[in-house]
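*Asks:*
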Amino acid sequence: MKKLLIGASALALAVPGVAQADGPYVGVSGGWVMPDDSDNTGEIDTAVPASVGGTFPAIPAGTAVGFNTEFDDGWEASVAVGYKFDNGFRIEVQPFYNQYDVDTHSGLTVGGTNIDALDVAVLTRGAASAANPTVGQVLADGRGDVSNYGAFLNIAYDIPAGSIKPFVGGGVGYQFTDVNYQPSGVTVIDGDEDGFAWQAFAGLAFAVSDNVDLYGQYTYRAGFDENRFNNQLLPGYLDVENKQQIVSVGLRFGFGGEPEPVVAPPPPVRVAPTPPPPPPPPPPAPMMKTCYDGSRIPVAQDCPVPPPPAVSPVGERG
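In C-alpha cells form, the structure reads like this:
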C-alpha cells in the first residue's frame, strides 16, 4: 500500500495541471489506515464468584476493568459524490469501508490493579496451575479485527494555487463499527455498535485532464463517543475507542461545463527609449553691407578707405 501511494504521488507530480470545471463530480479512493490504540475501559455489572479452591477472591459488581489494545495497519475504500462551486467550495457525500486487525492486548486491570502476571484462572475462575499461562500471555496473542463503514457529509475548500491545488475540509457522519477481540481464541468482545463520527482532512490535487483530478489526502477520523460492547469474559461492558489516521490516493471525475480558463500572466510592458533632443538651430546669418567698391562685409566692420582722388601735376595744362 505504501508503494502504491508513493507511485501515485510521483505520477501526479509529473502531470501538468489544468483547472477542473465547476459542477457535479464523483470520486473514488483507496487508503492506508493507521488506527490509534484503544484504551478499553468498563465495569463488571454482576459479581464474579471466587475461583475454584478459593485462590482468587470474588469480584464485586461495579469493579472497574480495562486494558489496552494495539492494532495493525489496515485499508480503506471510499467513494464521494459531490458538487464543486465556482468560489472554490465543494460539498459531498462520502460512503466508506475500512478494516484492520488486532496486534496485541496488554495491561489488564481489575479494580485498578494490573493482573497481567497472575494465572489466567483469575479470569476463568478455574483452578490455578503452574501449567496455566498468565493473563499477560493470553492477552499478548491478540487475535481479532475491527471494521467500520458508514457515510460522511463533507465540506471542502480548494485553495487556488496553480497546477498544484491544496485543499482542506471536514465532515460529520454516521458509522457502524464491528469489533472482534479474541486473545488466544478467548472471546472478550464480538459485537457491533453505531454512532456519530467526525473527520478533518487536507491534501493536494493535480489535474490530469480538463475533468479529472488525481489527489492525495490525509484524514483524521474519530467517533464523538466511545463504542460500548458487552464484555463476554467478565460480565459487564467495555468502552472501545475508535480513532484512525488515513492516507489515501484517489481520482475525482468532474461533469461540469467548460473548464475554468487558466489566465496567463500579461506580457511585460516594453518602454520605448527616449529619443535624443533635436540639434540646436543654426545661428542667424550676419547682416551685410556693400562698400564703395562693391564688396559686401558685415555691418559691424568698416569698409576699406577709398583711395584719394587723382591730382594733375603742377603746370600741366589740359
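All letters in the sequence shown, in the order written, are residues -21 to -1, 1 to 297 by mature numbering (1 follows the signal peptide of the UniProt record, and there is no 0). Where is the CB? At the ideal position from N, CA and C, for every residue including glycine.
1) Taking the C-alpha atoms as reference points, what is the distance between Pro263 and Thr253?
2) Report the rounded CA-to-CA distance for Ala201 versus Ser188, giving the unit in angstroms.
3) Please look up how many angstroms separate the CB atoms of Ser126 and Asn47, rounded, as I've assumed it's under 8 Å.
4) Can you name, in chain order, every residue of its own chain whose Cβ lies under 6 Å from the Cβ of Ala(-10), other than the five neighbours on each side?
5) I need the DSSP call for Ser108, collapsed to helix, strand or coil.
6) Could you tell me the distance, in whole angstroms, from the CA atom of Asn210 to the CA atom of Asp204?
7) By the three-class DSSP mapping on this structure, what secondary structure does Leu217 have?
8) Once the 5 residues before and after Trp177 are set aside, which same chain residues still bring their CB inside 6 Å of it?
9) Hey, could you find the ends of the alpha helix (DSSP H) Ala100 is sitting in?
10) Quick one: complete beta strand (DSSP E) runs, 3+ long, within the segment 148 to 228?
11) Determine which residues share a DSSP beta bridge with Asn93 and list them.
12) Run through DSSP, which three-state label would Gly67 get?
13) Do Arg122 and Pro28 have their C-beta atoms within less than 8 Å of each other?
14) Going by DSSP, which residues form a beta bridge with Ile276?
15) Could you pull out every residue in the same chain whose Cβ sits closer than 7 Å to the Cβ of Gly170, ignoring the five residues on either side in sequence?
16) From Pro287 to Pro257, what distance separates their C-alpha atoms?
17) So, are the CB atoms of Val44 and Val89 less than 8 Å apart?
18) Say whether the segment 130 to 145 touches the segment 97 to 113, bearing in mind that this needs 3 or more beta-carbon pairs closer than 8 Å, one atom from each stretch.
19) So the beta strand (DSSP E) Gly2 belongs to, where does it begin and stop?
20) Report, in whole angstroms, the separation of the C-beta atoms of Gly9 and Val228, which I expect to be a contact under 8 Å.
*Replies:* The answer reads as follows:
1) In the sequence shown, residue 263 corresponds to position 284, counting from 1. In the sequence shown, residue 253 corresponds to position 274, counting from 1. So the two alpha carbons sit approximately 29 Å from each other.
2) Start at 1 with the first residue of the sequence shown, and residue 201 comes out as number 222. Start at 1 with the first residue of the sequence shown, and residue 188 comes out as number 209. For Ala201 and Ser188, the distance between alpha carbons rounds to 34 Å.
3) To locate residue 126, count along the sequence shown from 1; it is residue 147. To locate residue 47, count along the sequence shown from 1; it is residue 68. That pair is no contact at about 20 Å.
4) As a working mapping, residue -10 is identified with position 12 in the sequence shown. Because the pLDDT of Ala(-10) is 40, which lies under 50, any placement of that residue in the model is unreliable, and the question is left without a value.
5) Counting from one through the sequence shown, the residue named residue 108 turns up at place 129. Coil, per DSSP.
6) On the sequence shown, residue 210 is found 231 positions in, with the first residue counted as 1. On the sequence shown, residue 204 is found 225 positions in, with the first residue counted as 1. The straight-line gap from Cα to Cα measures roughly 18 Å.
7) Residue numbering aside, residue 217 sits at position 238 when the sequence shown is read from its first letter. DSSP places Leu217 in strand when its eight states are reduced to three.
8) Residue mapping note: residue 177 aligns to position 198 of the sequence shown, counting from 1. Cβ neighbours of Trp177 beyond the five flanking positions: Val151.
9) Walking along the sequence shown from the start, residue 100 turns up at place 121. Where Ala100 is concerned, the enclosing alpha helix (DSSP H) stretches over 100 to 103.
10) 168 to 188, 191 to 202, 206 to 210, 215 to 219
11) Within the sequence shown, residue 93 is the residue found at index 114, counting from 1. According to DSSP, which records beta bridges pairwise, Asn93 is partnered with Thr88.
12) Your numbering for residue 67 matches position 88 in the sequence shown. Three-state DSSP puts Gly67 in coil, outside helix and strand.
13) On the sequence shown, residue 122 is found 143 positions in, with the first residue counted as 1. On the sequence shown, residue 28 is found 49 positions in, with the first residue counted as 1. Contact annotation: Arg122 and Pro28 have beta-carbon atoms that are not nearer than 8 Å.
14) The residue labelled residue 276 in the question sits at position 297 within the sequence shown. Lys268.
15) As a working note, residue 170 is residue 191 in the sequence shown. Answer for Gly170: Val158, Phe208, Asn209, listed in chain order.
16) As a working note, residue 287 is residue 308 in the sequence shown. As a working note, residue 257 is residue 278 in the sequence shown. Answer to the nearest angstrom: the Cα atoms are 53 Å apart.
17) Along the sequence shown, read from residue 1 onward, the residue named residue 44 stands at position 65. Along the sequence shown, read from residue 1 onward, the residue named residue 89 stands at position 110. Against a cut-off of 8 Å, the Cβ pair of Val89 and Val44 comes out as a contact.
18) Here the segment 130 to 145 makes no contact with the segment 97 to 113; the two share fewer than three CB pairs at distances below 8 Å.
19) By 1-based counting over the sequence shown, the position of residue 2 is 23. That run of the beta strand (DSSP E) goes 2 to 14.
20) Residue numbering aside, residue 9 sits at position 30 when the sequence shown is read from its first letter. Residue numbering aside, residue 228 sits at position 249 when the sequence shown is read from its first letter. Confirmed, about 7 Å.
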